[in-house]
Structures are given as structure tokens and as C-alpha cells.
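Novice: There's a structure below that I have some questions on.
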Amino acid sequence: MLYGIMLSCGAVIISYRILHPILAEKSKGAYAATYLILAAIIVCHSIAKSGRILLASHVLIGIEWLAAFFGMIREGATQTVVFPFCLSLILISALLLGIRAAYFYTLLAIAVEITSTYLIQIEVIRPAKSAGPWSSLIGEIGSFILAAILMKYALFGFRTVKTELSEVQRYAKLGGWSLNIQTLELVLSKEYQYLLGYDDAKESKTLHLSTFLNTYVVDEKDKTHILDILAKSQTQKEITDCTVEFVYQIRRKDGQHRFLAGKGKLRDSAVGIGTAQDITERHLAEEALRPAQEIYSKVFTFSPIATTISSAHDGRYVEVNDSFLNLFGFTREETIGKTSIELNIWPDPAQRKEYFDKLSQKNVLVDEELIFQGKNGKIIHAECYSTLAEINGKLCAINLVKDISEKRKRNL
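Read in the UniProt record's numbering, the sequence shown has 189 at position 189, and its numbers run on one by one without any break.
Okay, here's the thing in C-alpha cells:
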């Protein structure tokens, strides 16, 4: 963008320098402002080549503002040529340096105009005589053309960012929506329509919520769930920071069924906003694993061997089965979130450290004979089996404790 603006400024100012002496009633004796702008472009290019784009932008705008101020003071063009030229520079400031720079240069331009007008009024500055209407007209036309070019850059940049964001959302299979909870008018972004199979959607689409549910939502349970969420939100309009997440199945334009993960909240008391993401593959994979997970859960729960899952980071129990609770005499509430040290399960803490150091090195330990104690102080001789595994993104230790106390007594 910087080089595009530099070329635009250069083209406009060279055209002005060529046409002004030809069309103006009286040629100017000096074109210092023109030369300053050309110098700014050259200096800016030299700095930009080294990769210091921000510094180059400051230099370009700074020197061009000096040219504008020179025009105000030297040529008395405050109300004609310099005014649209300052407007163009404010646009350049906003494009290259941001809105704060634009505000700064706007205030600076106002201050200089007031100052130059006052100095002319008290005859401290004696502006040159006007070169005629053609002189002002050429300068104004040049500035307006530059302003139009800058607006094109601004709109082009906005459209580019908008297009890129749309492509990112499509890549992520993500769409947006908003709902007027009073009129039930639902607005679907073009990215959301893409999820529904409308690949050629160009703009947002508005439809009634009932139309959306009847046309695109497959399962009656999902429809009821969405309406329940809406009804609940209408009773909690004052709570705008509450986010709701839900999964529902939709029917695309081509008849294909997909699963979307919806997420929404109230923007205010009248409008709800949110997103939807296509999670079909993940959802189907989770559903396929669900029977196996249920089997593993039952095996864990009903196993006659005391079994625990604890965090490898701090040793806190994440899950324990009934056999563990019965063996050690604790309740579930007393166990979850606590460590074996806090429950005083290890009579010898040094033995615990040695055991878990060995587990960290080998990842799996089999048939390790250890001594524990229950809640009532009862000594428990056990064979232990442990392994490290990642569960829900966290490294955990799975421990099986087999009570061999009776076996040891018989052997004695």
C-alpha cells in the first residue's frame, strides 16, 4: 500500500507541476511544495528498502505536511488548493499510520490554518498574488483525484481483509448468525450459508426462525432444544455474558446431513449472536467411540481390583472405583481432588517418591510389591501395576492395586 500511495502522490504532483504553468494566468516563480513532495517520495523509498516501513510512512507524511504548510504560508492558498490537499494527507495518515495519526494531523492542520490566517490578517505574512482561477482549479482537481485514489486503496484494503476473513471462516467451516429474539428474524452470514450448501452465497440472508428450523434442522429433538434455549434466554435477558453451546444436525441444500456445533449469547436484551461450526467428522468419531468408552467405564467401575486415575503433574486423584474406596475406607468425596500424601496412604513417603520416579522413567510398572495404609490405619500389602497415559490432553497415571495381605499372612 505504501508504494501505491507514493506512486499516486508522485503522478498527481508531477501532473500539477506540468499543467500549472501552462494553464495558470500567471506562472508561479517557485514550486517548493511540489519539490518537497517529490523529495519525500525519494526519501521514503530509500528508507522502505531497508524494511523500516513505519518510519518510511512517517517521513512521507511529515515532509508532505511541510509542503502543505509551505503552501499555506507562501502562496496564501488556505481555502483553495491546500484544503483538499490536507484532506488527502489526512486520508494517507489514516491508511498508513492509523486513526490516531489522522486525528493528530487533522488538529495540526486546523491549528496551522488558523495561525496562517491570523498572520495574514495582521500582515506578518504577505501571500503571493493569485495566479488566477485555473491555478486553484488545477490544484483542487489534483487533490480530489488523489483523495479518490486513496479511498480506492482504503476500500480495496477493506474488501481484501473481508475476503480473507471469509476464506478463513470457510476453511474452518465456521459461520455466524444473529437472531432478533422479539421478531425471531434470523440473519445467516454467507459463511453460514456455505455450511448449508450455498457455495455461491454473496451476502447475508434473513429468514424467520421457524423457516430455518423446518427447512434445515433434521431432528425434532434438536428443534425443541433450540426453542428451549430461546425460551430460557428470554427469561434471562439481563444476563448478557452467558454463553450456550449445543450440537444439532442440519440438512444441506444437496440433502446431505451434517452436524454443527452452535455457540451463542445475548448481545443485548433484544439480539442474540453466535457461530456454528461443522464438526461432522469429529462428532461421528466420538459417537463411534462411545460404546467402547461405556464398556471401559463399566470395566473400571466394577473391577474387583482397586483402580485409580491421578494427574501425573501433581498426583491428585481424577477418578477412583468402588474397589479402591472399599479397600482404603474413604468416600468418593474425600478422595477426588486429593493426593495420596494428603490421604496418608503411603506410610513411607520416600517409597512413594521412589515408585513414581521409576514410573516416570519406564512409563509402565508391573507387579511392584508395596505397603499402604487405609483410613483407619490398617496396613495393606499390595501388588501394584501402573502406566502413564494421556487422557483429555493431560498426562495421567493409571494405577491398579491388588490386595495381597491375606496371601502374605498364609505364607507366613
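Built from N, CA and C at the ideal position, the CB exists for glycine as well.
Ordered along the chain, which non-local residues of its own chain (more than five positions away) have a Cβ less than 8 angstroms from that of Gln256?
Specialist: Sequence index remark: in the sequence shown, residue 256 carries index 256 (1-based). Taken in chain order, the residues that qualify are Gly197.
Novice: Pull up the CB-CB distance for Gln234 and Ile181, whole angstroms please, since I reckon it's below 8 angstroms.
Specialist: Counting from one through the sequence shown, the residue named residue 234 turns up at place 234. Counting from one through the sequence shown, the residue named residue 181 turns up at place 181. Sure, about 6 angstroms apart at Cβ, within 8 angstroms.
Novice: Taking DSSP as the reference, what is the three-state secondary structure of Glu203?
Specialist: Start at 1 with the first residue of the sequence shown, and residue 203 comes out as number 203. In this structure, Glu203 counts as coil in the three-state DSSP scheme.
Novice: Bridge partners of Arg258, per DSSP?
Specialist: As a working mapping, residue 258 is identified with position 258 in the sequence shown. DSSP output for Arg258 lists Ile250 as bridge partner(s).
Novice: Could you check the C-alpha separation between Phe330 and Phe372 for me, to the nearest Å?
Specialist: Along the sequence shown, one-based indexing puts residue 330 at 330. Along the sequence shown, one-based indexing puts residue 372 at 372. Between Phe330 and Phe372, the C-alpha separation is close to 14 angstroms.
Novice: Tell me where the alpha helix (DSSP H) around Asp228 begins and ends.
Specialist: Position 228 of the sequence shown, counted from the first residue, corresponds to residue 228. Start and end: Glu220 to Gln234.
Novice: Between the region 400 to 407 and the region 355 to 366, do three or more beta carbon pairs fall short of 8 angstroms?
Specialist: Verdict: no, contact absent.
Novice: Under the rule that 16 or more other beta-carbon atoms within 10 Å means buried, what is Ala288, buried or exposed?
Specialist: If you number the sequence shown from 1, residue 288 lands on position 288. With fewer than 16 other Cβ atoms within 10 Å, it is exposed.
Novice: Count Cβ pairs between the region 272 to 281 and the region 300 to 312 that sit closer than 8 angstroms; are there 3 or more?
Specialist: At 8 angstroms Cβ cutoff, the stretches do not touch.
Novice: Who does Ala276 pair with in a DSSP beta bridge?
Specialist: Stepping through the sequence shown from its first residue, residue 276 is reached at position 276. According to DSSP, which records beta bridges pairwise, Ala276 is partnered with Gly175 and Gly262.
Novice: When you compare each of Gln249, Thr243 and Tyr317 to Thr224 by their alpha carbons, which one comes out closest?
Specialist: Along the sequence shown, one-based indexing puts residue 224 at 224. That would be Gln249, whose Cα lies nearest to the Cα of Thr224.
Novice: Cβ of Glu281 within 7 angstroms of any heavy atom in the ligand GTP?
Specialist: Of the ligands one can find in the structure shown there are none, so the ligand GTP has no counterpart to examine.
Novice: What distance in whole Å lies between the Cβ atoms of Leu209 and Leu186, which are believed to be in contact at a cut-off of 8 angstroms?
Specialist: Here the question's residue 186 lines up with position 186 in the sequence shown. Here the question's residue 209 lines up with position 209 in the sequence shown. That belief holds up - the Cβ atoms of Leu186 and Leu209 are roughly 5 angstroms apart, short of 8 angstroms.
Novice: In three-state DSSP terms, what is His283?
Specialist: Within the sequence shown, the letter at position 283 stands for residue 283. Helix, per DSSP.
Novice: Can you grab the Cα-Cα spacing for the pair Glu354 / Lys378, in whole Å?
Specialist: One-based indexing of the sequence shown puts residue 354 at position 354. One-based indexing of the sequence shown puts residue 378 at position 378. Each residue's Cα considered, the two are about 22 angstroms apart.
Novice: Hey, how far is the Cα of Leu60 from the Cα of Cys44?
Specialist: Residue 60 sits at position 60 when you count from the first residue of the sequence shown. Residue 44 sits at position 44 when you count from the first residue of the sequence shown. The alpha-carbon atoms of Leu60 and Cys44 are separated by roughly 6 angstroms.
Novice: So if DSSP puts His208 in a beta bridge, which residue, or which two residues, is it bridged to?
Specialist: As a first step, residue 208 is located in the sequence shown; it is residue number 208 there, counting from the start. DSSP output for His208 lists Glu185 as bridge partner(s).
Novice: Specify the secondary structure class of Ala312 as computed by DSSP and reduced to three states.
Specialist: Within the sequence shown, the letter at position 312 stands for residue 312. Ala312: coil per DSSP, three-state reduction.
Novice: Helix, strand or coil, according to DSSP, for Pro349 in the structure here?
Specialist: Position 349 of the sequence shown, counted from the start, is the residue given in the question as residue 349. Pro349: helix per DSSP, three-state reduction.
Novice: Within the continuous beta strand (DSSP E) that includes Glu369, where are the two ends?
Specialist: Here the question's residue 369 lines up with position 369 in the sequence shown. Taken as a continuous stretch (DSSP letters only), the beta strand (DSSP E) holding Glu369 covers Val364 to Gln373.
Novice: In whole angstroms, what is the alpha-carbon distance linking Trp177 and Glu286?
Specialist: Within the sequence shown, residue 177 is the residue found at index 177, counting from 1. Within the sequence shown, residue 286 is the residue found at index 286, counting from 1. Their Cα atoms are separated by approximately 26 angstroms.
Novice: Start and end of the alpha helix (DSSP H) containing Ala109?
Specialist: Sequence index remark: in the sequence shown, residue 109 carries index 109 (1-based). Where Ala109 is concerned, the enclosing alpha helix (DSSP H) stretches over Ile99 to Gln121.
Novice: Expressed to the nearest angstrom, what Euclidean distance is found between the alpha-carbon atoms of Tyr385 and Thr307?
Specialist: Sequence index remark: in the sequence shown, residue 385 carries index 385 (1-based). Sequence index remark: in the sequence shown, residue 307 carries index 307 (1-based). Cα-Cα distance, rounded: 9 angstroms.
Novice: Pick helix, strand or coil for Thr78, following the three-state DSSP scheme.
Specialist: Locating residue 78 in the sequence shown gives position 78, where the first residue counts as 1. Summary for Thr78: the model assigns pLDDT 46, below 50, so the residue's position carries little reliability; its value from the coordinates is reported in the next sentence. Coil at Thr78, not helix or strand.
Novice: For the alpha helix (DSSP H) that contains Tyr192, what are its first and last residues?
Specialist: Looking up residue 192 in the sequence shown gives position 192. Taken as a continuous stretch (DSSP letters only), the alpha helix (DSSP H) holding Tyr192 covers Lys190 to Leu195.
Novice: Assign Ser27 to one of three DSSP states: helix, strand, or coil.
Specialist: The sequence position of residue 27 within the sequence shown is 27, counting from 1. A caution first: Ser27 carries a pLDDT of 47, below 50, which makes its placement in the model unreliable, though a value can still be read off. Ser27: coil per DSSP, three-state reduction.
Novice: When the Cα of His313 is compared with those of Thr339, Leu327, Glu334 and Ile273, which residue comes out closest?
Specialist: Within the sequence shown, numbered from 1, the residue matching residue 313 stands at position 313. Of the candidates Thr339, Leu327, Glu334 and Ile273, the one whose C-alpha sits nearest the C-alpha of His313 is Thr339.
Novice: In chain order, what residues of the same chain lie with their CB nearer than 7 angstroms to the CB of Ala270, ignoring the 5 residues before and after it?
Specialist: As a position in the sequence shown, residue 270 is number 270, starting the count at 1. Around Ala270: Asn180, Ile181 and Gln182.
Novice: Assuming Asp403 is part of the beta strand (DSSP E), what are its boundary residues?
Specialist: Indexing the sequence shown from 1 puts residue 403 at position 403. Looking at the DSSP string, the run of the beta strand (DSSP E) that includes Asp403 is Lys394 to Asp403.
Novice: For a test of the three-state rule: what should DSSP assign to Val124, helix, strand or coil?
Specialist: Counting from 1 along the sequence shown, the entry for residue 124 is found at position 124. Val124: coil per DSSP, three-state reduction.
Novice: Within 10 angstroms of its Cβ, does Tyr118 collect 16 or more other Cβ (buried), or is it exposed?
Specialist: On the sequence shown, position 118 is the one that residue 118 refers to. So Tyr118 ends up on the exposed side.
Novice: Between the C-alpha atoms of Thr78 and Ile14, what's the straight-line distance to the nearest angstrom?
Specialist: One-based indexing of the sequence shown puts residue 78 at position 78. One-based indexing of the sequence shown puts residue 14 at position 14. At Thr78, the pLDDT of 46 sits below 50, so the modelled position is not reliable; the number obtained from the coordinates is stated separately. About 21 angstroms.
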